[in-house]
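Comments concern the structure below.
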Amino acid sequence: MAKRRVEPLLWLLFSSGGLAAALLLPVLLLLFGLVIPAGWVSAPGQAHLLSVARFPLTRIVLLGLFVLALFHWAHRFRYTLYDGLQLKHLSTLIIVGCYGGALAGSVIAGYLLLPGL
Amino acid sequence: MSANYTEFHPRWYRPRMPVFWWVGRRSYLVFVLRELSSVFVAWSVVFLLLLVHAVSQGGAAYQRFLNLSSNPWMLALNVVALAFVVFHAITWFNLAPQAMVVRLRGKRVPRSVIASAHYAGWALLSALTAWLILG
Chain A
13 MAKRRVEPLL
23 WLLFSSGGLA
33 AALLLPVLLL
43 LFGLVIPAGW
53 VSAPGQAHLL
63 SVARFPLTRI
73 VLLGLFVLAL
83 FHWAHRFRYT
93 LYDGLQLKHL
103 STLIIVGCYG
113 GALAGSVIAG
123 YLLLPGL
Chain B
5 MSANYTEFHP
15 RWYRPRMPVF
25 WWVGRRSYLV
35 FVLRELSSVF
45 VAWSVVFLLL
55 LVHAVSQGGA
65 AYQRFLNLSS
75 NPWMLALNVV
85 ALAFVVFHAI
95 TWFNLAPQAM
105 VVRLRGKRVP
115 RSVIASAHYA
125 GWALLSALTA
135 WLILG
């Protein structure tokens with residue numbers, strides 16, 4: 013019954029990650045993925061970005077966004093594989109891969125944003 | 005009445021579903037594309053982690069990140085990812101009123117108000133983020 017207890021927590025991570033990703037990822041990807049590389053605005057300087065990123069609130073918001081968005085991916089992608097490709101029989105492998113991947117990404121994000129910055 | 009009992013488990017009626025069952029109908033395709041948006045959410049996190057790492061490593065590393073992001077393949081990938089992430093945001097905010105039932109003084113807050121609040125928050129946070137980064 014361990015599965016029953018952990019499923020609501022995973023769903024909570026999924027839904028809060030979905031909200032965080034919806035609120036913040038479009039603007040970040042628009043700026044750093046399209047507007048800046050296409051040269052529509054001049055790229056912000058490294059020193060400016062570093063000072064913005066080092067601000068404690070930015071670190072917390074970014075870490076929260078990254079961790080929640082990764083668990084959002086893990087949960088949703090797990091069911092995409094189950095339903096979209098009918099891989100329910102590989103569920104153990106998929107569960108380990110998805111949540112394990114999200115966990116590994118969260119550790120990297122934590123390292124990059126807390127001691128690494 | 006004669007029932008044929010066997011020592012084996014009976015075969016259930018289980019129609020075979022083709023793997024790509026969601027291709028044929030538009031609404032199914034939109035559903036699977038919406039679910040697939042999570043892959044691009046994860047990609048965005050990876051891309052932003054590369055950015056954070058580059059910024060923390062200094063000017064040269066940041067310049068390498070800028071060069072990487074203006075590579076045509078990377079630009080194309082990020083345009084697709086942006087489309088999916090925006091698709092995720094819109095479908096998410098449109099579903100929010102169904103997931104959230106907010107009551108004020110015993111009356112249910114109308115769906116349109118909850119959806120508008122999400123869109124307003126999205127606009128506000130996007131403007132604030134852009135101002136912090138570019139300002």
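Chains A and B, in that order, give the protein sequences. Sequential numbering from 13 applies to the first sequence in my numbering. Sequential numbering from 5 applies to the second sequence in my numbering. Yeah, the Cβ is synthetic: ideal placement off N, Cα and C, and Gly gets one too.
Element boundaries [alpha helix (DSSP H), containing residue i]
i, result
"Ala55/A", "Unbroken run through Ala55/A: none, as it is neither H nor E."
"Ile120/A", "Ser103 to Leu125"
"Phe89/A", "Pro68 to Gly96"
"Gly117/B", "For clarity, residue 117/B is Val in the given sequence; the question names Gly instead. Val117/B -> alpha helix (DSSP H) spans Arg115 to Leu138."
Integer-rounded CB distance, given that residue j should sit under 8 Å from residue i
i, j, result
"Ala55/A", "Ile48/A", "5 Å"
"Ala46/B", "Leu82/A", "6 Å"
"Ser42/B", "His101/A", "Going by Cβ atoms, the distance from Ser42/B to His101/A rounds to 21 Å, so no, they are not a contact pair."
"Leu129/A", "Ala65/A", "6 Å"
"Leu35/A", "Trp135/B", "About 15 Å separates the two Cβ atoms, so there is no contact after all."
"Pro101/B", "Arg112/B", "At roughly 10 Å, the Cβ-Cβ gap does not stay under 8 Å, so Pro101/B and Arg112/B are not in contact."
"Phe51/B", "Gly45/A", "7 Å"
"Ile153/A", "Leu53/B", "Nothing about residue 153/A can be read from this structure; chain A reaches only from 13 to 129."
"Val49/B", "Gly96/A", "The Cβ separation is near 21 Å, so there is no contact."
"Pro38/A", "Ala93/B", "5 Å"
"Tyr123/A", "Ala86/A", "No, Tyr123/A and Ala86/A are not in contact; Cβ-Cβ is about 19 Å, not under 8 Å."
"Thr92/A", "Leu33/B", "Not confirmed; about 13 Å, so no contact."
"Val23/B", "Gln98/A", "6 Å"
"Ile137/B", "Leu43/A", "6 Å"
Cutoff 8 Å: residue i Cβ touching any chain A Cβ
i, result
"Thr133/B", "yes"
"His57/B", "yes"
"Val60/B", "Note on residue identity: the sequence assigns Ser, not Val, to residue 60/B. Chain A contact via Cβ: present."
"Trp26/B", "yes"
"Trp16/B", "no"
"Leu138/B", "yes"
"Leu33/B", "no"
"Leu40/B", "yes"
"Phe97/B", "yes"
"Met21/B", "yes"
"Phe12/B", "no"
Proximity test, Cβ basis, 8 Å: residue i and chain B
i, result
"Thr104/A", "no"
"Phe83/A", "no"
"Trp23/A", "no"
"Gly160/A", "Because chain A in this structure spans residues 13 to 129, residue 160/A falls outside the shown range and cannot be described."
"Leu46/A", "yes"
"Gly128/A", "yes"
"Val53/A", "yes"
"Pro49/A", "yes"
"Met13/A", "Unreliable positioning characterises Met13/A in this predicted model, as indicated by a pLDDT of 45, which lies under 50. The coordinate reading is nonetheless provided below. Not one chain B Cβ lies under 8 Å of Met13/A."
"Arg88/A", "yes"
"Lys100/A", "no"
Residue i Cβ short of 7 Å to the ligand ATP heavy atom set
i, result
"His13/B", "Among the components of this structure there are no ligands whatsoever, and the ligand ATP is therefore not found."
Where in the stretch 54-108 of chain B do unbroken runs of the alpha helix (DSSP H), each at least 4 residues long, occur, reported from the N-terminal end onward? 63-73 and 76-103
Output, in sequence order along the chain, the residues in the stretch 106-125 of chain B whose CB is closer than 9 Å to any CB in chain A. His122 and Gly125
Residues of the stretch 78-92 of chain B in Cβ contact with chain A at a cutoff of 7 Å, in chain order, please. Flagged, chain order: Leu79, Asn82, Val83, Ala85, Leu86, Val89, Val90 and His92.
Please list the residues of the stretch 30-42 of chain A that have a C-beta atom closer than 8 Å to any C-beta atom in chain B, keeping them in chain order. Gly30, Leu31, Ala33, Ala34, Leu35, Leu36, Leu37, Pro38, Val39, Leu40, Leu41 and Leu42
Using a Cβ-Cβ cut-off of less than 7 Å, list which residues of the stretch 55-73 of chain A approach chain B; keep chain order. Ala55, Pro56, Gln58, Leu61, Leu62, Val64 and Ala65
Which residues of the stretch 113-124 of chain A have a Cβ closer than 7 Å to any Cβ of chain B? Give them in chain order. Gly117, Ile120, Ala121 and Leu124
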